[in-house]
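K.L.:
My structure is below; once you've seen it, I'll send some questions.
Residue numbers (the numbering used here), protein chains in the order written: chain W, 1 to 114; chain C, 1001 to 1111.
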């Protein structure tokens, strides 16, 4: 169990640029989640996948955001035309269907839009 | 929507003191989770609670699932420096596949 891995750990980008983050879940986990966390707040749900199917998207996920999990393993989260309000920690988590003990988070990608 | 309110928002204590924090919900939850987050890291699960009235321990940490199913409590006994961090409560959101988090309790310990 190597844990949930996220890359990069930090990203600084200029407003208007596109960014892409990657998440590698725990290998046997079939569910993968993306959350966003702003300073002083708890994580907020963005979207989740079961295998390769994206089953739910939050209203927070505007049309500038897109997430994929093409082969049911790793996932990418892309933000197009970044805005300063997109600055946040983007957390990925994974779990196994049927296990009740919450899920395992990665260390996150800290995005700063300047 | 579902909201979780954590109290207090921050705590400043001396090493060795006991800590109590709580989390209240606007709706009934059937699961309560307590996470700890260190700076620059993701949250780590500490304790999971599944039944009203349940009391569960993990070392010096003890959490309880309130009997009204709208609250939960976390206690830390004999605090040590590595307890510093932000503690979040969480529960299943609408549809049960996502989690709703409180805003966190920030714990600072003076040696």
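Yeah, the Cβ is synthetic: ideal placement off N, Cα and C, and Gly gets one too.
According to DSSP, residue 1037 (chain C) sits in a beta bridge with which residue or residues?
P.N.:
For the purposes of this step, residue 1037 (chain C) is taken as the residue at position 37 of the second chain. Partner(s): C:1086.
K.L.:
Determine the burial state of residue 1002 (chain C): buried for a count of at least 16 other Cβ atoms within 10 Å of its Cβ, exposed for fewer.
P.N.:
One-based indexing of the second chain puts residue 1002 (chain C) at position 2. When all chains shown are included, residue 1002 (chain C) counts as exposed.
K.L.:
Alpha carbon to alpha carbon, how far is residue 1022 (chain C) from residue 106 (chain W)? Give it in angstroms, no decimals.
P.N.:
Residue mapping note: residue 106 (chain W) aligns to position 106 of the first chain, counting from 1. Residue mapping note: residue 1022 (chain C) aligns to position 22 of the second chain, counting from 1. C-alpha separation (whole angstroms): 25 Å.
K.L.:
Can you pull the DSSP bridge partners for residue 37 (chain W)?
P.N.:
Residue numbering aside, residue 37 (chain W) sits at position 37 when the first chain is read from its first letter. W:89, per the DSSP bridge assignment.
K.L.:
Determine the burial state of residue 102 (chain W): buried for a count of at least 16 other Cβ atoms within 10 Å of its Cβ, exposed for fewer.
P.N.:
For this step, residue 102 (chain W) is matched to residue 102 along the first chain. By the neighbour-count rule (16 or more Cβ atoms within 10 Å), residue 102 (chain W) is buried.
K.L.:
Give me the subset of the segment 1056–1080 of chain C whose CB atoms are less than 7 Å from a CB atom of chain W, sorted by chain position.
P.N.:
The residues in question: there are none.
K.L.:
Could you check whether residue 1031 (chain C) and residue 1102 (chain C) sit closer than 8 Å to each other, using their CB atoms as the reference points?
P.N.:
In the second chain, the residue the question calls residue 1102 (chain C) occupies position 102. In the second chain, the residue the question calls residue 1031 (chain C) occupies position 31. It is not a contact, given that the beta carbons lie outside the stated cut-off.
K.L.:
What in chain C is Cβ-close to residue 87 (chain W), meaning under 8 Å?
P.N.:
On the first chain, residue 87 (chain W) is found 87 positions in, with the first residue counted as 1. What residue 87 (chain W) touches in chain C: nothing, since even the nearest Cβ is about 15 Å away.
K.L.:
Measuring alpha carbon to alpha carbon, tell me which residue in C:1069, C:1046, C:1040, C:1050 is nearest residue 1059 (chain C).
P.N.:
Residue numbering aside, residue 1059 (chain C) sits at position 59 when the second chain is read from its first letter. When each option's Cα is compared against that of residue 1059 (chain C), the closest is C:1046.
K.L.:
Looking only at C-alpha atoms, which of C:1077, C:1083, C:1061, C:1107 sits nearest to residue 960 (chain C)?
P.N.:
With chain C covering 1001 to 1111 only, the question about residue 960 (chain C) has no answer from this structure.
K.L.:
Is the beta carbon of residue 72 (chain W) closer than 8 Å to that of residue 52 (chain W)?
P.N.:
On the first chain, residue 52 (chain W) is found 52 positions in, with the first residue counted as 1. On the first chain, residue 72 (chain W) is found 72 positions in, with the first residue counted as 1. Yes, the Cβ-Cβ distance between residue 52 (chain W) and residue 72 (chain W) is below 8 Å.
K.L.:
Would the C-beta of residue 28 (chain W) count as close to the ligand ATP, meaning under 7 Å from any of its heavy atoms?
P.N.:
By its list of ligands, the structure shown contains no ligand whatsoever, and the ligand ATP lies outside what it can speak to.
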